[in-house]
Structures are given as structure tokens and as C-alpha cells.
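Asks: In UniProt numbering, the protein residues as written are 1 to 428.
Using N, Cα and C, we set each Cβ at its ideal position, and we do this for glycine too.
So that we are looking at the same thing, I have put the structure below in C-alpha cells.
Next comes the structure, spelled out in C-alpha cells:
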């Protein structure tokens, strides 16, 4: 059972993070730093924007992995946080075990120190979860709830990606379906005890972990089964897999849809883009509500994310004025349809869409906002989408682009799995 532990500390407390250069692990590091702990970390390489973020947080980082780092003047870390995909043969990890230190994966740290199991909100889905999670956190914060949160990205306004909230407050975390560690291949989100669950999309991803679509969907079915009868699921009605999956939910289900004509279930919340003077979130139930809003984010896709966040917040009892105010100020997440450069002829947009479903959604969002533009996409897939099993998912992934370029792919460590390079993917 997950029991929320309220963190306190001082520089007498020391946490060392193995694999600190990840977006979430760097966020965990910043949380401990904000709470007054001594924080050190190691990784094989440090690159912007995470390296810049760690420097801004004044966190000591060290390249490579050396077991002697875990002993300084006869003292050892009080806690070692292990980025689970680094491999159980990591030299610092094995040294921590040899010394008998407390070692936890970062999902276990979130489970113990960020998630309030009595008021846990989890946002899960193939895509859209990072921005939606950050938007929920922004709304709850603006409403004075003092939530805890974790979203897997760096914000554009400097908000830390991981924070511990108040003892009686909501927690909202991004629920990642990928594995906890190489030794624990369960989905991370199964540790997060949702009372309130937002489901943004369920489109087969990570074929290296989920070899079939059914195995991928089964992970979400397991998550849905965790939501108690008194809980709530806010579900995207435009995704047929979500609509089917929540039929057996024990709790109340509220559906939302950016376009009601493509919904597979009657949406309780819809997006009215053409309403005047502002677009609106509309609650289409026996107790209707209209929430006009302004947004800083580009893309139809982000409007859908904001709709999900606004619907959840309203169902939790947040006043619509607070929702409106928070969304109008919310500037989003770096590398999530982030405009990096713009002049009268060219717009450069950076997005973390490293799988076919994510690329498809991002490109459709860009096409919606720039219907007449020539769109050239530069795409490098994540590791799991460089295997042959993922090829079927590339169908129409780039339909909204006029040209697609594959750069030289990042070299991968040797393994028994055969991965495609950029030429092989282009020819496929």
C-alpha cells in the first residue's frame, strides 16, 4: 500500500541519483534540492536543456559511473535513486547494493514522497499526458490547492517538473506506461494509486516492451481497474480503445471530445472553437456549464489537452474563473509543440514526438494551425520504434507533412534486438 511520506531535510541529508540527466530524474533532483538536501548525480552524458536546468539548480553532476562516489569521508548517501533503464549491472548501483544503502527507482520515490494516495490524480496515455498533467497542476496551484506533481518535461516558465505538495492536497503525476526498470518490467503508472484518472490516448507504442497491441492495452486495463468506486475517470471519447477499456470501470466516467462528431461515446465535455468572443469548454450535461478560455499554446492537439485538464478540474470542484485564469497564463512544456523560431516566412517547432502516434498527432496539430504551410518534418524515433514490429504504426504517421527527413539515428548499445537505421526506415 502506498503511504504518503512528507519529506523534510537539510544538507545533512544526501541523495545520489544514478542517471540524473533524464527529464524526470533531474526533476526529482531539483525537488530534493528545494527541500534542502545535498544532491549529487551521475550519468553517461549531459546535454541541454537538462544540463542547463541542473546547472541552474546548482546540482553537482559527474560524468560516467564510479562506485567510489558513494563513499565520501566515510559517509554514504541516505538515499540512492536509480534510473531503472540504466541496467542492473551499473557500477554505482551494484556498489549501493553492496553497501546496503537504500536504493529506489524514481517511480518508487514519486510513490512515497509525491503521490498522496487519498487524492491521487494520474494522467495517462500514449501522448498528451505531459502537457495535460502540467495544466492540471497549474490549475490546482492557481486555485490555492498546494498540489504535488510530476510531469515529464521542462516547463517554459521555470516551474519545476517535480514538487511535493501539502499533506492534505491533491497530487497529479504523469503516468508513464513504460517499464519501471530492467528488473521490474511493470508499467510505471501501476505504482501511482489513482483515485482520479485522465486517459488521453491509447494507441500502441513501445513495441520493445509491448510486442502486441493487446499487451499494450492490457497495461491500461490494469490501471483502470485500480480506480476505486468513489473515484473518477476523465476519458477521451475520440479514442475507441479508451471507450472500450472504461466500460468495466468501477467508478463514474466523464467523457470529453474536441470534436463531438468523431466521438465513440457521448461526450460530457466538448470544445466549441467557434464560440464568440472566445472558444469555450462546454459541459453538455443536465448541469451545463460554459467556460470561455484564452490559450498561449499552439495546436488543436493542445486544445484537447487543455479541455481534459479543465474538465477534470471542474469535476473536482474548482471554480470556472480559476480554470480560465490558469489556462490563460499556462505557457506549456518545452519540446511539446514549442515554437523555437518564427519570422514572416518560417516557423521552427520542436516536439518530443519520438514515436509514430506522437508524430502523427503533432503534425496534425501543426497542420491545423498552419493549413497552407509547407511542412518539413525531421524525425528520429525512440529505440522501441526502430524495430520491425513497429513498422505498421508508421502508416500515415507523416500524412500531414509535405516532406520527411530522417537524420543519422543515435547509435544504440549492442543487443540481441535488431534495430533499423535511418536508411532502412526510409526504405521501409
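Could you check which residue in 251, 211, 333, 239 has the C-alpha nearest to that of residue 224?
Replies: 251
Asks: Going along the chain, which residues of its own chain have a beta-carbon closer than 8 Å to the beta-carbon of residue 42, five neighbours each way excluded?
Replies: So the list reads 16, 17, 18, 19, 20, 61, 62, 63, 64, 65, 66, 69, 92, once near-sequence residues are dropped.
Asks: Among all the DSSP beta bridges, which residues are the ones paired with residue 175?
Replies: 124
Asks: Which one or two residues does DSSP pair with residue 105 in a beta bridge?
Replies: Looking at the DSSP assignment, residue 105 forms a beta bridge with 82.
Asks: How is the alpha helix (DSSP H) around residue 345 delimited, first residue to last?
Replies: Counting along the chain, residue 345 falls outside any alpha helix (DSSP H), and DSSP gives it neither H nor E.
Asks: Tell me whether the beta-carbon of residue 171 lies closer than 7 Å to the beta-carbon of residue 114.
Replies: In contact: residue 171 and residue 114 (Cβ atoms closer than 7 Å).
Asks: Grab me the residues of residue 249's own chain with a C-beta within less than 7 Å of its C-beta, minus the 5 sequence neighbours each way, in chain order.
Replies: 224, 227, 233
Asks: Measuring only the C-alpha atoms, how far is residue 98 from residue 109?
Replies: Near 21 Å, if we compare the C-alpha coordinates of residue 109 and residue 98.
Asks: I need the straight-line Cα distance from residue 457 to residue 239, nearest angstrom please.
Replies: Because the chain here runs from 1 to 428, residue 457 falls outside it and cannot be looked at.
Asks: Judging by CA-CA distance, which residue of 53, 297, 283 is the nearest neighbour of residue 340?
Replies: 297
Asks: Would residue 286 and residue 270 qualify as a contact pair, given that the criterion is a beta-carbon distance under 7 Å?
Replies: no
Asks: If you drop the 5 nearest sequence neighbours on each side, which residues of the same chain put their C-beta closer than 8 Å to that of residue 53?
Replies: 26, 30, 154
Asks: What residue does the beta strand (DSSP E) around residue 60 start on, and which one ends it?
Replies: Segment 60 to 63, the beta strand (DSSP E) holding residue 60.
Asks: Are the CB atoms of residue 407 and residue 380 within a distance shorter than 7 Å?
Replies: yes
Asks: Could you tell me whether the region 204 to 224 touches the region 369 to 378, using the rule of 3 or more Cβ pairs below 8 Å?
Replies: No, the region 204 to 224 is not in contact with the region 369 to 378.
Asks: Is the region 122 to 138 touching the region 351 to 365, taking contact as three or more C-beta pairs under 8 Å?
Replies: yes
Asks: By how many angstroms is the C-alpha of residue 12 removed from the C-alpha of residue 38?
Replies: 7 Å
Asks: For residue 145, count neighbouring C-beta atoms within 10 Å of its own C-beta (all shown protein chains included) and say buried if the count is 16 or more, exposed if not.
Replies: buried
Asks: Counting along the chain, where does the alpha helix (DSSP H) carrying residue 236 start and finish?
Replies: No alpha helix (DSSP H) contains residue 236, which is instead part of the beta strand (DSSP E) from 232 to 236.
Asks: Leaving aside the five residues before and after residue 388 along the sequence, list all residues of the same chain whose C-beta is less than 6 Å from its C-beta, in chain order.
Replies: Result list for residue 388: empty, nothing under 6 Å.
Asks: Between which two residues does the alpha helix (DSSP H) harbouring residue 255 extend?
Replies: Residue 255 -> not in any alpha helix (DSSP H); beta strand (DSSP E) instead, spanning 252 to 257.
Asks: Which two residues bound the contiguous beta strand (DSSP E) that contains residue 41?
Replies: 38 to 43
Asks: Residue 157: buried (16+ other C-beta within 10 angstroms of its C-beta) or exposed?
Replies: exposed
Asks: Among the candidates 423, 120, 47, whose CA atom is the shortest distance from the CA of residue 166?
Replies: 120
Asks: Grouping DSSP H, G and I as helix and E and B as strand, with all else coil, what is residue 271?
Replies: The three-state reading of DSSP puts residue 271 in strand, counting E and B together.
Asks: Nearest to residue 86 by alpha carbon, out of 102, 101, 194, 106?
Replies: Ranking 102, 101, 194, 106 by Cα distance to residue 86 puts 106 first.
Asks: Can you tell me where the alpha helix (DSSP H) holding residue 360 begins and where it ends?
Replies: 356 to 369
Asks: Give me the Cα-Cα distance between residue 57 and residue 142, rounded to the nearest whole angstrom.
Replies: Approximately 24 Å between the Cα atoms of the pair.
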